[in-house]
Structures are given as C-alpha cells and as structure tokens.
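Participant:
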C-alpha cells in the first residue's frame, strides 16, 4: 500500500520515510559494460545522426577494402603468372643478326642452336639446366576433332626448367628424345579441345599426318605475363619435331629460337646473365665494338618491377584511405563536440550523482569508438560486397587479404579513439556546477 | 549529536573579470547529523556556493570543511566523486532527470557509478521509488509524470545510495504551492526517520518547514536560529 496515500496524519501520529539500508560495497566506478550500455543508449537516441556520422568512416573503409581487394587480386595474378614461368629463369632470345650492315631485328633469323643450349651448363657452372626451344603453329587432329596449337619442340629438361607438373601420365625421357620417338605431352587446353572429358593418355593424335602417342597431360598454368595461354601447347622432343613436323633447310636444322636457362638456387641472376652474354659474344665471335647478338631476359627482375609497381599502387591507395579516414574522423569529432554541448546538463548530473571525470571520459570515448567502429564494420561489409560486384561485373580478380579486415577494424577503432579523445576530455573536465546550470 | 558538517573560515573567492567575487567569505558552521536546515538569502548571498562545497561539487579557496570528521577541503577529484556517490544525495530545482529513461532507470543512475550489479540496482531503485510513493510509476518516463512526481523520482534517486546528507537546491522552485507542500512533507518524513537535510531556498514559506534556519548575505552567515518547523499537510501524490 502506498504510504503517502493516507489521509493527513492526525496529531501525534507522524509519518516517517525510513532510509534505505546501507549501500553494499560495489567495485566503485563505472564498469565497462555499463559504460558500453550508456554509450549504446546515447547512440540509439540519435540513430540518424549516428548513421550520418559513421558514413564518413563507412565510405573510407569501404573504399579501402574494395581497392585493396582489386589491387591484391591484380598483384596476385601478376605474381602467379610470373611464377608459372618458373623461378631462377633466364630466357635467351636470338636476334640482332646483321647482314651487310643492316640489322634484321631480334629473332628475325635464328642464330641460336641446339648445341649452344647443350654447351651452356658445361661452360657456366652456375647454370643448372638449359633447354633450346622451337615453336611452331600446327594443326592437331584426334578422331573428328581438330585444334590449332603451338608445338613446342624441346629437351626433357624444359619441363623442370619451367616447373611443369603433370595431371596424368609422364614426361618424355632423354632416351625417347635422343631416339626421336613420336611421343607428346599435351597442355590442358589442347586436351580439352581434342578429348573433352576423355583421358588423352595412350591416345594417338596426328600432326601433319604423323601419328603421335600422348604420354602426358600437363597441369594447368593459365596465362603467362604476356597474356598467352601457356596450356595451349603440344610438347615433343626436339629431334622428333625436326624429323617429322618442322623440317628446315640444312643451315637451320639445329637452330632453336629461344633457350630457357635455369640458374642454381642462391646464384646471382645478374652475374649469370653477364656470363651468358660473354658466352654468346665469344661463341658468335662478336668484335668488341659490336652489339650483342642475343638478348637475355631475367624474369625475376620483371616480377620485381611489377611487384614494385603494385606496392606503389597500394601505397597510393593507403594515402587516399588515410585522407578519407581523416575526413570521417573529423566528422566524428564534430558530432561528439555537439553531443557534449547538448548533454552538458546530463554530464553535470552524472558528476553530481558520483561519476568521476574518468567515468565521463570513458563513456564519451566509447561512444566515439562505437560510432567509428559501426562505420568501419559496415564499410568492411560494403567493401567486400563491392569487390565481389567488381569481380562479377568487370571480371577483375579480387582478393581480400584477411589482415586487411583486421587493419580496417583497428583503424576505425583508432580513428574513434583519436578523434573522440578531445571531446571526451572536454566532457570529463566540465565544471559540475556550470554544467548543471547549463541551459 | 555528532557534527556531520563542520566548517571553519570557509571561503570561496573567484575572479570575474577585473573584480574579485567573495562568494563565501569566512563561514563557520556546525550541522549535526539528523538536522533539517534551511539556508536562505538573496541570490548572490553565498547559500548556493555553500551547498556546492558541502556537496563536494566545488572546493573552498580557503578554510576547512569536514564531512563526518573527514577533511575534504583538499580532497582529490576522484575522492570527491566517491563522497558524492556514497554520502551525498542531490535534489535540484529542475529535477535533472534523463528524459529518455524511465523512472526506475533514472533512480538506478547513482548506483551505476557506485559499481553495483544490475540486480541489486533494480531492487534498490524499486524500493526507493516505493518510499517516495511512486511504486506504481516505475516504468514511466519523465514526460509522462507530473512535476511533483518528477521531483519525487529525483528524491528517490537522491536517497537510493543511502546518503548521510540530502542536499536540496530550491526543490520546490519549479512546482506550484500545493505540490511544493507535498514535496516538503516528503522531506519532513525523511527527516523524522533520521535523514540529515540541507535545503537552499529563497522562499520563507519553504524555509519554515525546516527546524533550523541559516541566513546568508554577502558570503557570510547573518542569522542562525532553531525554529519550530511548520507541519506540512500530506496529500496523496
């Protein structure tokens, strides 16, 4: 029954309101869950404002995630395609043949031979393997299917130099190569077009009316850095090709167009490149004032250059992200300052009922962090969605590195802390009396 | 009775522009536990400054202030917050309730800063609201309550931590006469049960409900007398 609802007390019968029992001992001070609850309640009271404030951080983080995803995707593809060529690899291209003072340009006339490739590992100890290669476009036929592809005529070492692996079957052996056996190892694209889902191993395909036995199917590598499909090829021993597919005039019967050179691990690619240059200058008897007759490409260098470009790109993106986060952070700070001013009376009251300045600081700081974190989390989701959309519509590969998400979360929290600190400090240092009287 | 509040040469000076304002200028007072004291005076007389220093919202420029024997004149900011949390309850003229929170949540607030778990807070807040006659209005927000009811919620909030001292700054200033009298009846009922109350007002009719009257002028006490308190007529809230 309501004690105050009684009629006016008669004289001598005075009502009392007894105090509450003494306060149990608490831990003292505002606990983190309570501060969190207060911060959430305050944000919930101004949902639209909170959402608009988070928008700055949201856009910044979403843009970062999407651009990082596109950048990382591009970089991953470049690196994968370069790695697919093989590590520690130098490519020697023939060319620079001069006839009567006229340069015919690189690769116009073969000036590399099968014997050069055989000599390189003997002459240069840092080289592990070398394989001469000739390529030619040819029609391949299996049953009623046919497919135009590149025939690669080379040494068995070529598979190891370019780090090919097999899906099925085996590579051809040195004996098979020396004997000029009619065996081929085919790429995944060729297998698909000639055999569909059938296994090609043991089947016979014809090239220029000559039957070849398929003994191996290469594992798929995809495009090389120049955008060519590396799987669209049929690989056969060099001497088999010379005999059956790529007949050549006597002068070019031992010619190759490129030589793939595998350098031992730990050797300096630059030094070996120089040794190769000297090797060919001697072999081709180039006079001291004449230019080189071959060109040598170091693919690790190409990789490093591309990787460097990707890194620079990432740095630029990080710069753009920092600016958008700065703008977002200033938005958070602005709204927190407004909020402190609006809630001056409430702060005064909280101080009067026993809040310490640090409790007020904690509450407002949490509020700023939550604002930034909400924006950041929504931004991460939007960024992931955007990167999927980019992958789906523009066809660019996107990869979201897990650490990018962690960094995005950490960045939003730090942005909230940094830009929320000044307003929170301002709130905590309010004079309680002035705050209580604030209109 | 033991002195709950003791001040010696209590001064609060501050600079306002070029002028030195002596809001309090040497106040020596002793207030026993269990008293009901009204501080009166025109605005600028120092009565509110006195209340703020006693309530640990402000610190004296000079002099001593002891609350229950503890000297607080030089206490740290955090220690003063703890004293406000554990020993002092405030009632304000404009209620100062959180507008978006219901009565129960408003009364819970001081216990949040005392670090009490939610279950105990809910129990005590409900108990405090019953004591001020609002047991049936716990879920109402301030804008769903009358002025008198809002001030009762504020009083429940002030007593919920079981303070030694209840400080009221013009508690009836925003209420009509009849509602004001109800609030004074509640203060008297709390006082009869042993609560020490210091009330600041400029209305003689309100000061008449106290059993001791202290008059301030220009930062000094100019009158201090014990009086026969007027009996408030209790009305159902």
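Protein chains in written order, with my numbering: chain A, 7 to 445; chain B, 373 to 609. Glycine included, every Cβ here is placed at the ideal spot set by N, Cα and C.
Does the stretch 490 to 499 of chain B touch the stretch 458 to 472 of chain B, meaning 3 or more C-beta pairs lie closer than 8 Å?
Facilitator: No, the stretch 458 to 472 of chain B does not touch the stretch 490 to 499 of chain B.
Participant: If you drop the 5 nearest sequence neighbours on each side, which residues of the same chain put their C-beta closer than 8 Å to that of residue 429 of chain A?
Facilitator: Locating residue 429 of chain A in the first chain gives position 423, counting from the first residue. Counting only Cβ-Cβ distances below 8 Å, and skipping sequence neighbours, we find 339, 342, 343, 345, 346, 370, 374.
Participant: Please report whether the beta-carbon of residue 3 of chain A lies at a distance below 8 Å from any beta-carbon of chain B.
Facilitator: Because chain A spans 7 through 445 in this model, residue 3 of chain A falls outside it and cannot be assessed.
Participant: Out of B/570, B/509, B/502, point me to the one whose CA is closest to residue 537 of chain B's CA.
Facilitator: Start at 1 with the first residue of the second chain, and residue 537 of chain B comes out as number 165. The residue with the shortest Cα to Cα distance from residue 537 of chain B is B/570.
Participant: By Cβ distance, which residues of its chain are closer than 8 Å to residue 402 of chain A, with the 5 residues on each side in sequence left out?
Facilitator: Walking along the first chain from the start, residue 402 of chain A turns up at place 396. Counting only Cβ-Cβ distances below 8 Å, and skipping sequence neighbours, we find 76, 79, 80, 396.
Participant: Identify the continuous beta strand (DSSP E) that holds residue 437 of chain B and give its terminal residues.
Facilitator: The count along the second chain starts at 1 and reaches residue 437 of chain B at position 65. Its beta strand (DSSP E) spans residues 434 to 439.
Participant: According to DSSP, is residue 488 of chain B helix, strand or coil?
Facilitator: Taking the first residue of the second chain as 1, we reach residue 488 of chain B at position 116. It is coil, neither helix nor strand.
Participant: Check whether the Cβ of residue 345 of chain A lies closer than 8 Å to any Cβ atom in chain B.
Facilitator: Here residue 345 of chain A is taken as the residue at index 339 of the first chain, counted from 1. Chain B, which has no Cβ nearer than 8 Å to the Cβ of residue 345 of chain A, makes this no.
Participant: With which residues is residue 144 of chain A paired in a DSSP beta bridge?
Facilitator: By 1-based counting over the first chain, the position of residue 144 of chain A is 138. Residue 144 of chain A is bridged to A/155.
Participant: What first and last residue would you give for the beta strand (DSSP E) that runs through residue 301 of chain A?
Facilitator: Taking the first residue of the first chain as 1, we reach residue 301 of chain A at position 295. Segment 301 to 304, the beta strand (DSSP E) holding residue 301 of chain A.
Participant: Thinking C-beta only, is residue 381 of chain A closer than 8 Å to residue 48 of chain A?
Facilitator: Working through the first chain from its first residue, we reach residue 48 of chain A at position 42. Working through the first chain from its first residue, we reach residue 381 of chain A at position 375. No, the pair does not count as a contact, with Cβ atoms beyond the cut-off.
Participant: Quick one: list the residues of chain A neighbouring residue 482 of chain B, beta-carbon separation under 7 Å, in chain order.
Facilitator: Residue numbering aside, residue 482 of chain B sits at position 110 when the second chain is read from its first letter. Correct list: 359, 360.
Participant: Would you tell me roughly how many angstroms separate the C-alpha atoms of residue 412 of chain B and residue 531 of chain B, rounded to the nearest one?
Facilitator: Counting from 1 along the second chain, the entry for residue 412 of chain B is found at position 40. Counting from 1 along the second chain, the entry for residue 531 of chain B is found at position 159. Looking at the two C-alpha atoms, the distance is approximately 23 Å.
Participant: In whole angstroms, what separates the C-alpha of residue 564 of chain B from that of residue 22 of chain A?
Facilitator: Along the second chain, read from residue 1 onward, the residue named residue 564 of chain B stands at position 192. Along the first chain, read from residue 1 onward, the residue named residue 22 of chain A stands at position 16. Each residue's Cα considered, the two are about 6 Å apart.
Participant: Could you tell me whether the stretch 154 to 174 of chain A touches the stretch 290 to 300 of chain A, where touching means 3 or more Cβ pairs closer than 8 Å?
Facilitator: Segments in contact, no.
Participant: Just the C-alpha distance for residue 300 of chain A and residue 286 of chain A, rounded to the nearest angstrom, thanks.
Facilitator: Here the question's residue 300 of chain A lines up with position 294 in the first chain. Here the question's residue 286 of chain A lines up with position 280 in the first chain. Those two C-alpha atoms are separated by around 7 Å.
Participant: What residues in the stretch 378 to 389 of chain B bring their beta carbon closer than 9 Å to a beta carbon of chain A?
Facilitator: Within the stretch 378 to 389 of chain B, no residue qualifies.
Participant: At a CB distance below 7 Å, what residues from the stretch 39 to 53 of chain A approach chain B? Give them in sequence order.
Facilitator: Result list: 40, 51.
Participant: Determine which residues share a DSSP beta bridge with residue 383 of chain B and list them.
Facilitator: For the purposes of this step, residue 383 of chain B is identified with residue 11 of the second chain, where counting begins at 1. BP columns for residue 383 of chain B point to B/397, B/434.
Participant: How many angstroms separate the CA atom of residue 426 of chain A from the CA atom of residue 511 of chain B?
Facilitator: Here residue 426 of chain A corresponds to residue number 420 of the first chain, with the count starting at 1. Here residue 511 of chain B corresponds to residue number 139 of the second chain, with the count starting at 1. Near 33 Å, if we compare the C-alpha coordinates of residue 511 of chain B and residue 426 of chain A.
Participant: Please classify residue 434 of chain A as buried or exposed, where buried requires at least 16 other C-beta atoms within 10 Å of its C-beta.
Facilitator: Within the first chain, residue 434 of chain A is the residue found at index 428, counting from 1. Residue 434 of chain A is buried by the Cβ-count criterion.
Participant: Measure the alpha-carbon distance for residue 4 of chain A versus residue 181 of chain A and round it to whole angstroms.
Facilitator: Beyond the ends of chain A as shown, which are 7 and 445, falls residue 4 of chain A; an answer cannot be given.
Participant: If we ignore side chains and look at the alpha-carbon of each, how far apart do residue 333 of chain A and residue 418 of chain A end up?
Facilitator: As a first step, residue 333 of chain A is located in the first chain; it is residue number 327 there, counting from the start. As a first step, residue 418 of chain A is located in the first chain; it is residue number 412 there, counting from the start. The alpha-carbon atoms of residue 333 of chain A and residue 418 of chain A are separated by roughly 12 Å.
Participant: Starting from residue 74 of chain A, trace the alpha helix (DSSP H) in both directions and tell me its first and last residue.
Facilitator: Indexing the first chain from 1 puts residue 74 of chain A at position 68. Looking at the DSSP string, the run of the alpha helix (DSSP H) that includes residue 74 of chain A is 53 to 89.
Participant: Could you tell me which residues DSSP puts in a beta bridge with residue 99 of chain A?
Facilitator: For the purposes of this step, residue 99 of chain A is identified with residue 93 of the first chain, where counting begins at 1. For residue 99 of chain A, which the question treats as bridged, DSSP gives the partners A/264, A/301.
Participant: Can you list the residues of chain A that residue 430 of chain B reaches, using a CB-CB cut of under 9 Å?
Facilitator: For this step, residue 430 of chain B is matched to residue 58 along the second chain. What residue 430 of chain B touches in chain A: 437, 438, 439.
Participant: If distances are taken between C-alpha atoms only, which option among B/579, B/591, B/582, B/602 comes closest to residue 421 of chain B?
Facilitator: For this step, residue 421 of chain B is matched to residue 49 along the second chain. Cα-wise, what sits closest to residue 421 of chain B is B/591.
Participant: Can you find a CB in chain A that lies within less than 8 Å of the CB of residue 533 of chain B?
Facilitator: Against the second chain, residue 533 of chain B aligns to sequence position 161. Judged by the 8 Å Cβ criterion, residue 533 of chain B is in contact with chain A.
Participant: My understanding is that residue 461 of chain A touches residue 453 of chain B, with C-beta atoms under 8 Å, so please give their C-beta distance in whole angstroms.
Facilitator: For chain A, the structure presents residues 7 to 445; residue 461 of chain A sits outside this window and is missing.
Participant: Checking contacts by CB at 8 Å: is residue 399 of chain B closer than that to chain A?
Facilitator: The sequence position of residue 399 of chain B within the second chain is 27, counting from 1. Answer no: the Cβ-Cβ gap between residue 399 of chain B and chain A never drops below 8 Å.
Participant: Going along the chain, which residues of its own chain have a beta-carbon closer than 8 Å to the beta-carbon of residue 113 of chain A, five neighbours each way excluded?
Facilitator: As a first step, residue 113 of chain A is located in the first chain; it is residue number 107 there, counting from the start. Only weak support exists for where residue 113 of chain A lies, its pLDDT of 48 falling under 50; the value from the coordinates is given anyway. Only 99, 100, 101, 263 meet the Cβ criterion.
Participant: Tell me the DSSP secondary structure of residue 36 of chain A in three-state form.
Facilitator: Here residue 36 of chain A is taken as the residue at index 30 of the first chain, counted from 1. If DSSP states are grouped into helix, strand and coil, residue 36 of chain A belongs with coil.
Participant: Rounding to the nearest angstrom, what Cα-Cα distance links residue 67 of chain A and residue 414 of chain A in this structure?
Facilitator: On the first chain, residue 67 of chain A is found 61 positions in, with the first residue counted as 1. On the first chain, residue 414 of chain A is found 408 positions in, with the first residue counted as 1. Spanning the two alpha carbons is a distance of roughly 6 Å.
Participant: Tell me the DSSP secondary structure of residue 339 of chain A in three-state form.
Facilitator: Sequence index remark: in the first chain, residue 339 of chain A carries index 333 (1-based). Correct three-state label for residue 339 of chain A: helix.
Participant: When the Cα of residue 504 of chain B is compared with those of B/376, B/379, B/476, B/423, which residue comes out closest?
Facilitator: The residue you call residue 504 of chain B lines up with position 132 of the second chain. Measuring from the Cα of residue 504 of chain B, the nearest candidate turns out to be B/476.
Participant: Since residue 24 of chain A meets chain B, which of its residues come closer than 7 Å, beta carbon to beta carbon?
Facilitator: Position 18 of the first chain, counted from the first residue, corresponds to residue 24 of chain A. Per Cβ cutoff of 7 Å: 565.
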